[in-house]
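Scroll down for the structure; my scribbles are underneath it.
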């Protein structure tokens, strides 16, 4: 998508990346969160736009679920996950009176909110804005692309698990990207084995290599694999920065390498 002069609050955003998955339960929001933290640790200023309207889990993952959204002259002020204000987040989770409240909305209302999120959040200067999308290829995805048309989408990161049932759904996501003209930055295989908390050995729980094989079959870049790691799961549940707490873990190395690959792909 070409850049238009009427960019509004996205004027200071250098790169926009969609995070997509063909199905739910593959850990897309986890990958979005850890990718944002890895980019932040690499010295980048990062934003997350959480448009997974029915499952806004990222505020909890970043430990900011109790924060409130405020207004400024330019619109909504995002919630910052760090004192230095280098990781910003906007999510419908901040707008719900009850965190257990179900978002039972028809398509037009979802589309309107997504447009408002894109248009009215005062992001300021960002190196990368990650857009965490719902599973599948639904109205929300089309609404995001339509709302971002005045700016641009620099690419998409696709998240899968190793099993064929998941990689099959990601094939459809690849088709969606090609039909809508979104560049595929690469594929991440999540839940790729289980890391034993005692001996750190990684064992295959489901299967392994499905994401890498899918990348080869579709001519996409394989960005890397992330194992099931109890330390990562605990960090996500507690809203803690896993990358800061466990820099010597193999999972840390995987996540950092994926972030570096994404940055390199954005510079190509």
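Numbering (the working numbering), first residue to last: 755 to 1022. Even glycine gets a Cβ: it sits at the ideal position worked out from N, Cα and C. Model, not experiment: these values are computed from the prediction.
Residue from the options with nearest C-alpha to residue i
i, options, result
"residue 879", "816, 792, 832 and 812", "832"
"residue 865", "850, 991, 887 and 990", "887"
"residue 768", "923, 940, 783 and 884", "884"
"residue 1015", "872, 975 and 985", "975"
"residue 947", "893, 784, 984 and 850", "984"
"residue 814", "849, 1019, 1005 and 993", "993"
"residue 1019", "944, 970 and 938", "938"
"residue 943", "830, 969 and 770", "969"
"residue 782", "924, 871, 967 and 995", "924"
"residue 918", "967, 928 and 903", "967"
"residue 903", "889, 873, 914 and 928", "873"
Residue i versus residue j: straight-line alpha-carbon distance, rounded
i, j, result
"residue 1022", "residue 780", "28 Å"
"residue 1003", "residue 980", "12 Å"
"residue 807", "residue 844", "11 Å"
"residue 756", "residue 907", "With a pLDDT of 37 at residue 756, under the threshold of 50, the modelled position of that residue is not reliable, and no figure is offered here."
"residue 1009", "residue 788", "7 Å"
"residue 773", "residue 762", "23 Å"
"residue 1007", "residue 766", "30 Å"
"residue 932", "residue 972", "11 Å"
"residue 1001", "residue 990", "15 Å"
"residue 882", "residue 949", "30 Å"
"residue 905", "residue 820", "31 Å"
"residue 921", "residue 895", "19 Å"
"residue 785", "residue 771", "13 Å"
C-beta contact flag for residue i and residue j at 7 Å
i, j, result
"residue 978", "residue 999", "no"
"residue 869", "residue 916", "no"
"residue 936", "residue 897", "no"
"residue 795", "residue 1017", "no"
"residue 926", "residue 776", "yes"
"residue 835", "residue 816", "yes"
"residue 792", "residue 1013", "yes"
"residue 861", "residue 827", "no"
"residue 891", "residue 930", "yes"
"residue 871", "residue 803", "yes"
8 Å contact criterion, which residue i and residue j should meet: CB distance rounded
i, j, result
"residue 790", "residue 800", "5 Å"
"residue 941", "residue 899", "Not confirmed; about 20 Å, so no contact."
"residue 857", "residue 846", "7 Å"
Proximity test, Cβ basis, 7 Å: residue i and chain B
i, result
"residue 889", "Structure shown: chain B not included; a single protein chain is present."
- beta strand (DSSP E) segments (min. 3 residues) lying fully within the region 845-887: 880-886
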